[in-house]
Amino acid sequence: MAKETAQAAPSGRRWLITGASRGIGHAIAALACERGDKVCLVGRHAAIAEVASALGKNAIGIAADVSQPESLANLARQVGERWGGIDVLVNNAGLHRGGTIERVSDEDWEATLSTNLSGPMRVIRSLVPHMEPGGAIVNIGAVVGFRGFPGDSCYGASKAGLTGLTQVLAAELARKRLRVNMVVPGFVQTEMTSAISDRARKAIVNRIPLQRMGKPEEIADVCWWVAGSTYMTGSVIFTDGGLMCNL
Ligand SMILES: NC(=O)c1ccc[n+]([C@@H]2O[C@H](COP(=O)([O-])OP(=O)(O)OC[C@H]3O[C@@H](n4cnc5c(N)ncnc54)[C@H](OP(=O)(O)O)[C@@H]3O)[C@@H](O)[C@H]2O)c1
3 MAKETAQAAP SGRRWLITGA SRGIGHAIAA LACERGDKVC LVGRHAAIAE
53 VASALGKNAI GIAADVSQPE SLANLARQVG ERWGGIDVLV NNAGLHRGGT
103 IERVSDEDWE ATLSTNLSGP MRVIRSLVPH MEPGGAIVNI GAVVGFRGFP
153 GDSCYGASKA GLTGLTQVLA AELARKRLRV NMVVPGFVQT EMTSAISDRA
203 RKAIVNRIPL QRMGKPEEIA DVCWWVAGST YMTGSVIFTD GGLMCNL
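Quick note: the sequence shown uses the numbering used here, first residue 3, plus one each step.
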């Protein structure tokens, strides 16, 4: 059960992390396992079970698609049956679809909103009944949800919506003694950013005061202490090498 004290040492918390098959979500899962917590990794494909078993006996993998409501009912039921509840929920699963407003298709818009915004809302709604007082929800935002990047209407709108959801739920779920915060990565080396051209990559890195991309482990580290902080809720924590200062 989660304790309302700072969490620097292994704590026996039970985490559920969406989008944990790779990238930032996987780095958060690996860190929590390494520090002695139990972690349920969620991804869309059955291979998530093997990804979890590679992290050791404290990890389990459950396949679920956050954009599919029926998949989430099953997720909540399985976690409830196996662990009895969870202490930390990380809404990390996300996808990016780009294109100027004239080119954005309805399908791009719906897919992005249903994964990045409706997905976290539904995951939270189905898992809150399984969360213990003192628990934490960490939503993963994006700089694009705070600043206007041309060509990012779907993604920016979805992440801006997630910021609003974070703040409303921080106020709403405080009565259950659940904290809800948002960690905002800047420009991080993952599959999501791997297709960006060298030219665009250099242009973005030039705007980052620390002059480099972030690593998934650097975001995971922040998620760890945000999840364990006892007096932080409704906060937005930028972890972006200073990018927001330069936009
Ligand atoms: N990389 C960056 O620079 C950056 C910057 C700001 C914010 N972020 C945010 O950080 C989060 C993680 O991004 P990343 O860079 O690590 O991306 P990534 O490498 O593309 O990983 C995305 C993860 O989300 C999962 N996923 C996608 N759609 C899903 C769905 N419908 N249901 C369940 N899982 C789903 C994928 O798993 P499967 O494909 O196995 O299902 C994968 O594990 C995202 O929310 C992203 O918007 C990233």
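Cβ coordinates follow ideal geometry from the N, Cα and C atoms, glycine included.
Suppose contacts are defined by Cβ-Cβ distances below 8 Å. Is L175 in contact with V186 by that definition?
no
Taking just the CA atoms, how far does A78 sit from G153?
35 Å
Any heavy atom of ligand 1 closer than 7 Å to the CB of P71?
no
Using a Cβ-based criterion (distance less than 7 Å to any ligand heavy atom), does D223 qualify as near ligand 1?
no
Restricting to runs no shorter than 4 residues, where is the alpha helix (DSSP H) found entirely within the stretch 42-69?
50-55
What does H18 pair with, by DSSP beta-bridge criteria?
Note that residue 18 is Leu in the sequence shown here, rather than His. Note: L18 sits in a beta bridge opposite C42, L91.
Is R105 buried or exposed, if buried means 16 or more other CB atoms sit within 10 Å of its CB?
exposed
Please state the DSSP three-state secondary structure of M234.
coil
Run of the beta strand (DSSP E) containing G136, from where it starts to where it stops
133-142
Quick one: is the Cβ of D110 within less than 7 Å of any heavy atom of ligand 1?
no
Could you work out which residue in Y233, A202, D108, I210 is closest to F240 when comparing CA atoms only?
I210
Which residues in the same chain have their Cβ closer than 6 Å to the Cβ of W85, if we skip the five residues on either side of it in sequence?
R16
Could you tell me whether the Cβ atoms of V41 and A31 are closer together than 8 Å?
yes
Could you tell me whether the Cβ of G27 comes closer than 8 Å to any Cβ of chain D?
This model lacks chain D altogether; it includes just one protein chain.
Backbone CA spacing between A162 and G236 [nearest angstrom]
14 Å
Just curious, the alpha helix (DSSP H) that R201 is in, first and last residue?
200-209
Distance, Cα to Cα, I64 vs L180?
24 Å
For the beta strand (DSSP E) containing V182, name the first residue and the last one.
181-187
DSSP puts V190 in a beta bridge; with which residues?
G216
Output the distance between the C-alpha atoms of G82 and L245, rounded to the nearest integer angstrom.
40 Å
For R177, is the classification buried or exposed, using 16 other Cβ atoms within 10 angstroms of its Cβ as the cut-off for buried?
exposed
Assuming V125 is part of the alpha helix (DSSP H), what are its boundary residues?
121-129
Taking DSSP as the reference, what is the three-state secondary structure of G101?
strand
Meets three-Cβ-pair contact criterion under 8 Å: the stretch 222-231 and the stretch 23-37
yes
Between V170 and N94, what straight-line distance do the alpha-carbon atoms span, to the nearest angstrom?
18 Å
Does the structure place the stretch 108-127 close enough to the stretch 65-72 that three or more beta carbon pairs sit under 8 Å?
yes
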